[in-house]
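Peer 1:
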Amino acid sequence: MGKPNITAEELANRIRRHCIIMTSRANASHIGSSLSIADLLAVLYHNVLRFDPDRPDWSERDRFILSKGHGCAALYAVLAECGYFPKSMLETYYQDGSLLMGHATHYVPGIEISTGSLGHGLTMGTGMALVAKRDERPYRVFCMISDGECDEGSTWEPALFAPQHKLDNLVVIVDYNKIQSFGRVDEVVDLSPLADKWRAFGWAVREIDGHDLKTIERTFTSLPFSAGQPNCIVAHTVKGKGISYMENALAWHYRAPRGELLELALAELERQ
Amino acid sequence: MRTAFIQTLFELAKEDERIVLLTGDLGFSVIEPFMQALPKQFVNVGVAEQNMTGMAAGMALSGKIVFTYSIGNFPTLRCLEHIRNDICYHNANVKVVCVGGGFCYGAAGATHHATEDLGIMRMLPGMTVIAPADPVEARHATRAVVNQPGPCYLRLGKAGEPVIHKPDINFQIGKAIRVREGDGVTLISTGGMLRFVLEAADRLSESGIHARVLSMHTLKPLDSESILAAARDSFAMFTVEEHSIIGGLGSAVAEVLAESGETLPVFKRLGLPSAFSSRVGTQQYMLQQHGLSTEGIVNSVKALVSVFHPADLRG
Chain A
1 MGKPNITAEE
11 LANRIRRHCI
21 IMTSRANASH
31 IGSSLSIADL
41 LAVLYHNVLR
51 FDPDRPDWSE
61 RDRFILSKGH
71 GCAALYAVLA
81 ECGYFPKSML
91 ETYYQDGSLL
101 MGHATHYVPG
111 IEISTGSLGH
121 GLTMGTGMAL
131 VAKRDERPYR
141 VFCMISDGEC
151 DEGSTWEPAL
161 FAPQHKLDNL
171 VVIVDYNKIQ
181 SFGRVDEVVD
191 LSPLADKWRA
201 FGWAVREIDG
211 HDLKTIERTF
221 TSLPFSAGQP
231 NCIVAHTVKG
241 KGISYMENAL
251 AWHYRAPRGE
261 LLELALAELE
271 RQ
Chain B
273 MRTAFIQTLF
283 ELAKEDERIV
293 LLTGDLGFSV
303 IEPFMQALPK
313 QFVNVGVAEQ
323 NMTGMAAGMA
333 LSGKIVFTYS
343 IGNFPTLRCL
353 EHIRNDICYH
363 NANVKVVCVG
373 GGFCYGAAGA
383 THHATEDLGI
393 MRMLPGMTVI
403 APADPVEARH
413 ATRAVVNQPG
423 PCYLRLGKAG
433 EPVIHKPDIN
443 FQIGKAIRVR
453 EGDGVTLIST
463 GGMLRFVLEA
473 ADRLSESGIH
483 ARVLSMHTLK
493 PLDSESILAA
503 ARDSFAMFTV
513 EEHSIIGGLG
523 SAVAEVLAES
533 GETLPVFKRL
543 GLPSAFSSRV
553 GTQQYMLQQH
563 GLSTEGIVNS
573 VKALVSVFHP
583 ADLRG
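Encoded structure:
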């Protein structure tokens with residue numbers, strides 16, 4: 001196993017399909033947050049990250065951290081597609097006795113660190129990147145954070161630290177889907193201009209369409225963007241992307257597709 | 273204790289490049305020799321305890337033995353959830369070090385009184401909690417936590433505490449040190465209170481009360497065996513701590529006693545009320561105000577022992 005022997009596009013579609021089914025069966029929240037990162041995850045695991053599912057603790061693997069741990073359905077899905085564990089295990093998501101808890105956990109093979117409380121992943125990822133830099137090890141650290149997570153002060157502590165130590169092996173990907181848990185980002189605590197904020201902190205920043213697979217791939221393959229600077233990718237995404245009735249709707253931070261809505265969602269993915 | 277800690281860590285770090293020291297911008301005139309000699313094993317993270325703690329966990333998960341260092345409540349309560357989730361949940365090999373436990377920074381005000389740390393750290397899954405009594409225990413504890421993988425909290429005093437122990441004590445994590453033999457009364461101390469507890473024991477013996485003294489440097493895992501052995505020989509037992517009476521040594525010992533199913537000695541926790549101090553002063557002043565000076569301990573013991581004589585209790 002390893003990198004799935006399908007196109008990144010097909011992988012993204014499968015991630016979405018797994019997420020819909022998992023969330024529906026579990027009657028769980030956060031489907032919108034999982035769908036907005038499906039394309040980014042597909043490209044990362046298809047073309048970018050260096051990993052080996054047979055050796056999850058291979059010391060030189062790239063580290064991927066899903067700091068927005070509530071989007072874990074998508075991560076569980078891509079890890080299953082890569083062969084870290086059987087796809088049948090996805091059926092246990094949120095169920096009694098399951099390893100696949102509702103926020104990313106390192107108890108699951110392939111998951112680097114446990115998250116779920118926002119503002120943690122980047123602090124840990126920065127520590128990992130500093131070790132790699134000082135010990136001249138080749139691995140890179142990719143940390144995906146949410147836009148709402150940028151409200152957390154502890155996001156900006158490592159944002160200050162990483163440029164000071166020239167951690168160009170560290171990559172932050174902001175899933176900028178513009179909706180946080182209780183409203184639109186620009187109505188709760190406006191982050192704009194978000195790319196400028198990271199730039200001002202000393203990061204090399206790219207702003208991209210987080211659903212354009214070719215752009216995503218091109219961006220990731222041009223890392224590091226600037227020697228001696230940590231990298232930030234502000235990925236403009238759509239919450240609920242891929243299921244038209246979920247797109248840009250706050251309700252799908254919470255609701256699970258059941259019955260007719262489930263059929264509609266699966267049919268829409270079938271057509272893509 | 274601070275000096276004993278940093279000197280020991282420096283010696284160990286010179287031999288083991290996995291050891292890394294992170295500070296939250298504190299350690300002036302203490303950490304410089306380490307910083308200058310071992311720059312690759314040192315990071316001043318800045319005034320950012322959450323990042324310091326999360327980074328420590330990330331570095332530990334990348335093979336390092338990481339110490340986080342700050343004063344008072346900054347390395348613990350300021351970044352508590354990072355200790356819980358980043359360090360403890362991942363069983364990361366991080367040692368959280370607090371300099372200035374209790375009222376070391378007494379006159380600095382209530383923000384700087386680290387008086388709930390032991391209880392809060394004790395609750396965290398997988399966390400070992402150690403409060404050495406003197407520079408000798410601090411030295412041994414530093415070596416011991418390097419050799420024991422996993423999360424640990426090390427609560428130190430400041431500089432200049434008197435040396436109580438001989439250098440070659442048998443220090444084991446989770447094993448109390450019996451510092452003084454006694455008869456019928458047991459005083460259990462944690463952290464720097466040991467010196468006052470020993471002075472109190474000396475004074476009490478002049479009044480015919482011979483107290484056994486245990487230095488309970490490890491609060492978790494707790495040495496319940498030593499507690500119960502002492503309880504069986506005692507008609508009165510006291511815990512003494514520079515910490516809230518909620519959640520710390522007194523609570524921990526009470527839990528062991530209450531669940532023992534044995535005939536219990538009369539028991540009293542000497543510690544701090546759950547309240548902020550509106551009048552402050554030196555550590556000595558603060559301890560005295562809360563009945564934790566030598567005299568305060570003597571008075572509390574005498575008051576209780578005079579009510580509950582062994583003959584009354586054990587018949």
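For the protein sequence lines, the chains are A and B, in the order given.
Each residue of the first sequence is one higher than the one before, starting from 1 at the first, in this note's numbering.
Each residue of the second sequence is one higher than the one before, starting from 273 at the first, in this note's numbering.
For every residue, glycine included, the Cβ atom is placed at its ideal position computed from N, Cα and C.
Could you check where the beta strand (DSSP E) with residue 220 of chain A kicks off and where it finishes?
Peer 2: Not the beta strand (DSSP E): residue 220 of chain A falls in the alpha helix (DSSP H), residues 213-221.
Peer 1: Classify residue 376 of chain B as helix, strand or coil using the three-state DSSP reduction.
Peer 2: In this structure, residue 376 of chain B counts as coil in the three-state DSSP scheme.
Peer 1: Could you tell me how far apart the beta carbons of residue 460 of chain B and residue 408 of chain B are, in whole angstroms, since I believe they sit closer than 8 Å?
Peer 2: With 8 Å as the limit, residue 460 of chain B and residue 408 of chain B do not qualify as a contact, their Cβ atoms being about 19 Å apart.
Peer 1: For chain A, find out if any of its Cβ atoms is closer than 9 Å to the Cβ of residue 353 of chain B; answer yes or no.
Peer 2: Output row for residue 353 of chain B: interface = yes.
Peer 1: Could you list the residues in the segment 107-121 of chain A with a C-beta less than 9 Å from some C-beta on chain B, going in chain order?
Peer 2: Under the 9 Å Cβ criterion, the segment 107-121 of chain A contributes 112, 113, 114, 115, 116, 117, 119, 120, 121.
Peer 1: Quick check: what's the CA-CA separation for residue 122 of chain A versus residue 532 of chain B?
Peer 2: The alpha-carbon atoms of residue 122 of chain A and residue 532 of chain B are separated by roughly 45 Å.
Peer 1: At the 9 Å Cβ level, is residue 483 of chain B part of the contact set with chain A, yes or no?
Peer 2: No, residue 483 of chain B lies away from the interface with chain A (no Cβ there is under 9 Å from its Cβ).
Peer 1: Using a C-beta to C-beta distance shorter than 9 Å, which residues of chain A count as neighbours of residue 273 of chain B?
Peer 2: Within chain A, no residue comes near residue 273 of chain B; the closest Cβ sits about 27 Å away, beyond 9 Å.
Peer 1: Note down the Cα distance separating residue 236 of chain A from residue 62 of chain A, rounded to an integer number of angstroms.
Peer 2: Computed Cα separation, rounded: 24 Å.
Peer 1: So, at 6 Å on beta carbons, what are the nonlocal neighbours of residue 315 of chain B in its own chain, with the 5 sequence-adjacent residues on each side left out?
Peer 2: 294.
Peer 1: Taking residue 267 of chain A as part of the alpha helix (DSSP H), name the residues at either end of that continuous run.
Peer 2: Where residue 267 of chain A is concerned, the enclosing alpha helix (DSSP H) stretches over 259-271.
Peer 1: Should residue 158 of chain A be flagged as near chain B, meaning a C-beta pair shorter than 9 Å?
Peer 2: Closer than 9 Å to some Cβ of chain B, the Cβ of residue 158 of chain A qualifies, so yes.
Peer 1: Enumerate in chain order the residues of its own chain whose CB-to-CB distance from residue 130 of chain A is below 8 Å, with the five nearest sequence positions on each side excluded.
Peer 2: Excluding positions up to five away in sequence, the list reads 165, 167.
Peer 1: Would DSSP call residue 426 of chain B helix, strand or coil?
Peer 2: DSSP places residue 426 of chain B in strand when its eight states are reduced to three.
Peer 1: Is it the case that the Cβ atoms of residue 481 of chain B and residue 577 of chain B are separated by a distance below 9 Å?
Peer 2: Yes, Cβ-Cβ distance for residue 481 of chain B and residue 577 of chain B is below 9 Å.
Peer 1: Between which two residues does the beta strand (DSSP E) holding residue 510 of chain B run?
Peer 2: Here the beta strand (DSSP E) through residue 510 of chain B covers 506-516.
Peer 1: Locate the beta strand (DSSP E) running through residue 568 of chain B, then write down its first and last residues.
Peer 2: Unbroken run through residue 568 of chain B is the alpha helix (DSSP H), 566-579; no beta strand (DSSP E).
Peer 1: Looking at the unbroken alpha helix (DSSP H) that takes in residue 331 of chain B, where does it start and where does it end?
Peer 2: It spans 321-332 - the alpha helix (DSSP H) in which residue 331 of chain B sits, taken as one unbroken run.
Peer 1: Do you know offhand how far residue 443 of chain B's Cα is from residue 341 of chain B's?
Peer 2: Approximately 23 Å, taken between the alpha carbons.
Peer 1: Do you know offhand how far residue 510 of chain B's Cα is from residue 190 of chain A's?
Peer 2: Their Cα atoms are separated by approximately 56 Å.
Peer 1: Classify residue 77 of chain A: buried if its beta carbon has 16 or more other beta carbons within 10 angstroms, exposed otherwise.
Peer 2: With 16 or more Cβ atoms within 10 Å of its Cβ, residue 77 of chain A is classed as buried.
Peer 1: Output needed for residue 107 of chain A: all residues of its chain with C-beta closer than 7 Å, excluding positions within five of it in sequence on either side, in chain order.
Peer 2: 99, listed in sequence order.
Peer 1: In the structure shown, what three-state DSSP assignment does residue 169 of chain A receive?
Peer 2: In the structure shown, residue 169 of chain A sits in coil (DSSP, three-state: anything other than H, G, I, E or B).
Peer 1: Give the single residue among B:436, B:356, B:365, B:345 whose Cα lies nearest to the Cα of residue 463 of chain B.
Peer 2: Residue B:436 is the option with its Cα nearest to residue 463 of chain B.
Peer 1: Taking C-beta pairs closer than 8 Å, name the residues in chain B that residue 161 of chain A reaches, listed in chain order.
Peer 2: The contacting residues are 317, 318, 320, 323, 327.
Peer 1: Between the segment 283-299 of chain B and chain A, which residues of the former have CB atoms less than 8 Å from a CB of the latter, in chain order?
Peer 2: The residues in question: there are none.
Peer 1: Quick one: measure Cβ to Cβ for residue 537 of chain B and residue 508 of chain B, integer angstroms, because I've assumed they're closer than 8 Å.
Peer 2: Rounded, the Cβ-Cβ distance is 5 Å, consistent with contact.
Peer 1: Return the residue from the list A:243, A:251, A:207 that minimises the CA-CA distance to residue 265 of chain A.
Peer 2: Among A:243, A:251, A:207, the Cα nearest to that of residue 265 of chain A belongs to A:243.
Peer 1: On the criterion of 16 or more Cβ atoms from any shown chain inside 10 Å, does residue 27 of chain A qualify as buried, or is it exposed?
Peer 2: Counting Cβ neighbours within 10 Å, residue 27 of chain A comes out exposed, since fewer than 16 surround it.
Peer 1: Quick one: is residue 332 of chain B near chain A, going by C-beta distance under 9 Å?
Peer 2: Cβ-Cβ to chain A under 9 Å: yes for residue 332 of chain B.
Peer 1: Restricting to Cα atoms, I'd like to know which of A:83, A:163, A:149 is closest to residue 69 of chain A.
Peer 2: The option with the nearest alpha carbon to residue 69 of chain A is A:149.
Peer 1: So, is the C-beta of residue 130 of chain A closer than 9 Å to a C-beta in chain B?
Peer 2: Yes, its Cβ sits closer than 9 Å to a Cβ of chain B.
Peer 1: From the DSSP secondary-structure annotation, give me the bridge partner or partners of residue 490 of chain B.
Peer 2: Partner(s): B:402.
Peer 1: Residue range of the alpha helix (DSSP H) that residue 275 of chain B falls in?
Peer 2: Counting along the chain, the alpha helix (DSSP H) containing residue 275 of chain B begins and ends at 274-287.
Peer 1: Chain B partners of residue 258 of chain A, CB-CB under 8 Å?
Peer 2: What residue 258 of chain A touches in chain B: nothing, since even the nearest Cβ is about 32 Å away.
Peer 1: Can you tell me the Cβ-Cβ gap for residue 24 of chain A and residue 258 of chain A, rounded? I've got them flagged as a contact below 8 Å.
Peer 2: Confirmed, about 6 Å.
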